[in-house]
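Beneath this line is the structure, given in structure tokens, with notes to follow.
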Amino acid sequence: MIAPIVSAKAPAPVMPGTCDVRRCTTSEADSGPCVGVRPRGGDAHPYPCRHRCRAASAARRGGDFDMAWMRGKTLLVVALTSLGVFAPACGGGSAEDPDAPPTQDGPVLVPPTQAQLRIVQAAPGAPAMDVYLAGDPTPVARAVAYGATTPYLTREAGAVTVELRPTGAAASSQPIVSQRVGMEAGTRWTVVTAGAFSATGSDAAMRALLLRDNTVPADGGQTRVRIVNAGTDAPTVDVDLGNDGSVEVESLARFKDSGEQALVLPSGAAFQVGLRTDARALTSFTVPAAGSGTDTLIVATGLMSASARAGDGFSLLTAGRDGTLAILRQNPTVYVLHASPDAPTLDLFASDHELSGGLAHGALSSPLQVPPGTYTLDFFAAASGTERPTSAPVATATTPTLVPGERYLMVAAGYLAPPRPAASPFTLLPLTDRFANDPSNLRLRWVHAAADTPAVDVGPLGSERRVLPDAPFLDVPFATATSQDGLPLPSGGTVTLGVVPFNDANRAPRTSFSVTPQPNTRVFAVATDTPGSAPGSWDLQLLWVDTTRTPWTVSTQADAP
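Taking this note's numbering, the leading residue of the sequence shown gets 12, the next gets one more, and so forth.
Next comes the structure, spelled out in structure tokens:
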């Protein structure tokens, strides 16, 4: 795993070390003050404490709590853009005997004659729910939306059946989900709703997962985590806390949890959660630092098949004692495209970590998933091995802030040695995958990466094989791209795209490319100078980066005859 830089003046990112993760019996302790991410510059916390304290105070009063006020605040998409240097949480301590009793000291937070219960709504697509206890016509929680966690409800000990109904449904109607809970004296319970609301009768149908929580707080200086695989279409996964290659939870099946043996980490440090399946990396997340003596429930939820930035995309819901802390999107994914006409085959490094090796002109790197932040990338002439060369890089560039849930194309363009004053030097062009969802058409973004070419107009050729004055792409300068949605091109034939200098009176194309649009396809069309071409020759080629499926692919198209 690599670490982003804190700012442009910070030292290069460093590789974090390995991680000690200990196990002990889980508990739910106080969440501490406002666990989350503070914006750069010491601004106020983005998710004020009052949101959770209002619900917590209702629970302490022994009454029911209405979650409707939390709508719009429950899906807290944490954009981790200023956490500084990310390293896996590391600290002392060896693995404890899983059969030994817990050694934590601290007060028992559940009264000895009572029990506590909370609900985590982790079923994507489900409506807001009212929560009932069977036999009682009054909900104990109202309008619990996807992504919400209720505070603990304290009541006298004794078994109950929890029933969930869509908000506003009659108390006598058939519940969507029901779950019996023992509620023995002195115990604490969590009911997690999971699965697809509309998939009745399938192995992905909505259901309740019952967790028994411990009542003893975590030790000072520690935080404890318990992990639930509630992804509606998620595979069985191995969980790597620290994302450093060591697996702490093996073969965690869908709709199962990591058990009452909690994973113990030092508090006060953000940490990585890596998920693997079939011995390959699936995805990873950055979890903000938790307070000392806290417990965090981490629920993998959402749809693997959805976009990582979609509201129902696969994500981590983190919950503390008083409610949902955040919903965390997947770490950003980066692809690097070599489009520099005079650069050699390249090795790409962030600090001492090789991100990609042997990247030839026109080649696209494999997907690189990294913690959110800003990175300094060093480009070296390709060499054997994976160690950083001692020589100076041929080029260095800094990324923009990479945000969770996003996918990026980084185009290495321009000349290391410009052949004439009009040609542009090496630069890194960052692009975000934000294509419109269009099942019927090809969506195309034109990327001007031809460093020896002026601003251009681009569009389908008219009947006289000319670029029309109202072409869809006008005045596109070097190192820019057209609209993020992409130009819709209907399928069912071949389209010839012509390229002319901006506002040129002669609309005969200087170069052109033939494309065959396919439905439900999303492409970056990266125009670049052909290596070895004469200066000012308009000898361009098109690098066709198809983002429709993962991993992305690239193909090269020469000038159409």
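Just so it is clear, CB atoms sit at the ideal spot from N, CA and C, and this is done for glycine as well.
Whose CA, out of A424, I238, L339 and P162, lies closest to the CA of P382?
-> Translated into positions along the sequence shown, residue 382 becomes position 371. Closest option to P382, Cα to Cα, is L339.
Contact set for H349: own chain, Cβ-Cβ below 7 Å, skip 5 residues either direction | Residue 349 sits at position 338 when you count from the first residue of the sequence shown. Non-local C-beta neighbours of H349 in its own chain, meaning closer than 7 Å and more than five positions away in sequence, comprise L357, L370, A371, H372, G373, A374 and A423, ordered along the chain.
Where does G212 sit, in a helix, a strand or coil, going by DSSP?
-> Mapped onto the sequence shown, residue 212 falls at position 201. Residue state, collapsed to three classes: coil.
Considering only residues of the same chain and omitting the five flanking positions on each side of A216, which have a CB-CB separation below 7 Å?
-> Sequence index remark: in the sequence shown, residue 216 carries index 205 (1-based). Taking A216 as the centre and dropping the five residues before and after it, the same chain places the C-beta of G206, A207 and A210 closer than 7 Å to its C-beta, in chain order.
How do the region 399 to 408 and the region 322 to 334 stand: do at least 3 beta-carbon pairs fall below 8 Å, yes or no?
-> Three or more beta-carbon pairs separated by less than 8 Å are not found between the region 399 to 408 and the region 322 to 334, which leaves the two stretches without contact.
Alpha carbon of I13 to alpha carbon of G253, nearest angstrom | Position 2 of the sequence shown holds residue 13. Position 242 of the sequence shown holds residue 253. If I take the Cα positions, the gap works out to 11 Å.
Which residues in the same chain as L120 place their Cβ atom closer than 6 Å to its Cβ, once the five residues preceding and following it in sequence are excluded?
-> Here residue 120 is taken as the residue at index 109 of the sequence shown, counted from 1. These residues qualify, in order along the chain: T226.
Residue(s) in a DSSP beta bridge with S525 = Counting from one through the sequence shown, the residue named residue 525 turns up at place 514. Answer is T507.
Would you check if there are 3 or more beta carbon pairs closer than 8 Å linking the region 235 to 253 to the region 285 to 295?
-> Result yes; three or more Cβ-Cβ pairs closer than 8 Å.
Assigned secondary structure, S262 (DSSP; H/G/I helix, E/B strand, else coil) = Here residue 262 is taken as the residue at index 251 of the sequence shown, counted from 1. Of the three classes helix, strand and coil, the one that applies to S262 here is strand, per DSSP.
Does DSSP classify D481 as helix, strand or coil?
-> As a working note, residue 481 is residue 470 in the sequence shown. Three-state DSSP puts D481 in coil, outside helix and strand.
Might you give, ordered along the chain, the residues of its own chain that have their beta carbon closer than 7 Å to the beta carbon of T201, omitting 5 neighbours on each side?
-> The residue you call residue 201 lines up with position 190 of the sequence shown. Setting aside the 5 residues that flank it on each side, T201 is surrounded in the same chain by R129, V131, L222, D224 and L308, each with a C-beta closer than 7 Å to its C-beta; the list follows chain order.
Assign S326 to buried or exposed, taking buried as 16 or more other Cβ atoms, counted over all protein chains shown, within 10 Å of its Cβ.
-> Residue numbering aside, residue 326 sits at position 315 when the sequence shown is read from its first letter. Buried: at least 16 other Cβ atoms inside 10 Å.
Can you tell me whether Q233 is buried or exposed, with buried defined as 16 or more other CB within 10 angstroms of its CB?
-> Here residue 233 corresponds to residue number 222 of the sequence shown, with the count starting at 1. A residue is called buried when at least 16 other Cβ atoms come within 10 angstroms of its Cβ; Q233 meets this threshold and is buried.
Where I13 sits in the DSSP three-state scheme = Against the sequence shown, residue 13 aligns to sequence position 2. DSSP places I13 in coil when its eight states are reduced to three.
Bridge partner(s) assigned by DSSP for H459 = Walking along the sequence shown from the start, residue 459 turns up at place 448. Beta-bridge pairing links H459 to T491 and A538.
The region 134 to 142 / the region 175 to 183 touching (three or more Cβ pairs under 8 Å) | These segments touch.
Check each candidate in A181, L328, E261 and D463 and name the one with the smallest Cα separation from S351.
-> To locate residue 351, count along the sequence shown from 1; it is residue 340. Selection A181, L328, E261 and D463 evaluated against S351 yields D463 as nearest (Cα-Cα).
C-beta contact flag for V298 and A273 at 8 Å = Against the sequence shown, residue 298 aligns to sequence position 287. Against the sequence shown, residue 273 aligns to sequence position 262. Note that the C-beta distance between V298 and A273 is not below 8 Å.
Continuous beta strand (DSSP E) stretch holding E365: start and end = The count along the sequence shown starts at 1 and reaches residue 365 at position 354. Bounds of the beta strand (DSSP E) holding E365 are H364 to L370.
Report the rounded CA-to-CA distance for P450 versus S494, giving the unit in angstroms.
-> In the sequence shown, counting from the first residue as 1, residue 450 sits at position 439. In the sequence shown, counting from the first residue as 1, residue 494 sits at position 483. If you draw a straight line from the Cα of P450 to the Cα of S494, it is about 18 Å long.
Can you give me the start and stop residues for the beta strand (DSSP E) that W555 sits inside?
-> Within the sequence shown, residue 555 is the residue found at index 544, counting from 1. Counting along the chain, the beta strand (DSSP E) containing W555 begins and ends at L551 to D557.
For the beta strand (DSSP E) holding N240, just list the boundary residues, first then last.
-> For the purposes of this step, residue 240 is taken as the residue at position 229 of the sequence shown. Element bounds for N240: Q233 to N240.
From P499, F524 and L479, pick the residue whose C-alpha is nearest to that of N517; which is it?
-> Translated into the one-based positions of the sequence shown, residue 517 becomes position 506. The shortest C-alpha separation from N517 is found at L479.
Since F421 is in the beta strand (DSSP E), which residue starts that stretch and which ends it?
-> Position 410 of the sequence shown, counted from the start, is the residue given in the question as residue 421. The sequence shown places Met at residue 421, not Phe. Unbroken beta strand (DSSP E) run through M421: R418 to A424.
Identify whether G334 lies in helix, strand or coil by the three-state DSSP scheme.
-> Residue 334 sits at position 323 when you count from the first residue of the sequence shown. Reduced to three states, the DSSP call for G334 is strand.
Contacting residues, own chain, Cβ-Cβ under 7 Å from L482 (five flanking each side not counted) | The residue you call residue 482 lines up with position 471 of the sequence shown. Going by the sequence as given, residue 482 is Ala instead of Leu. Sequence-distant partners of A482 (beyond 5 residues in either direction) whose C-beta falls short of 7 Å from its own C-beta, in its chain, are D468, V469 and G470.
Distance, V487 Cα to D570 Cα | Position 559 of the sequence shown, counted from the first residue, corresponds to residue 570. Position 476 of the sequence shown, counted from the first residue, corresponds to residue 487. Going from the Cα of D570 to the Cα of V487 covers about 19 Å.
Does the separation of the CB atoms of L442 and V534 fall below 8 Å?
-> For this step, residue 442 is matched to residue 431 along the sequence shown. For this step, residue 534 is matched to residue 523 along the sequence shown. Result no, Cβ atoms of L442 and V534 do not sit closer than 8 Å.
Taking the beta strand (DSSP E) that L498 falls in, what are its first and last residues?
-> To locate residue 498, count along the sequence shown from 1; it is residue 487. Run containing L498: L498 to P501, per the beta strand (DSSP E) assignment.
Beta-carbon of V188 versus every beta-carbon of chain B: anything under 8 Å?
-> Protein chains in the displayed structure number just one, and chain B is not present.
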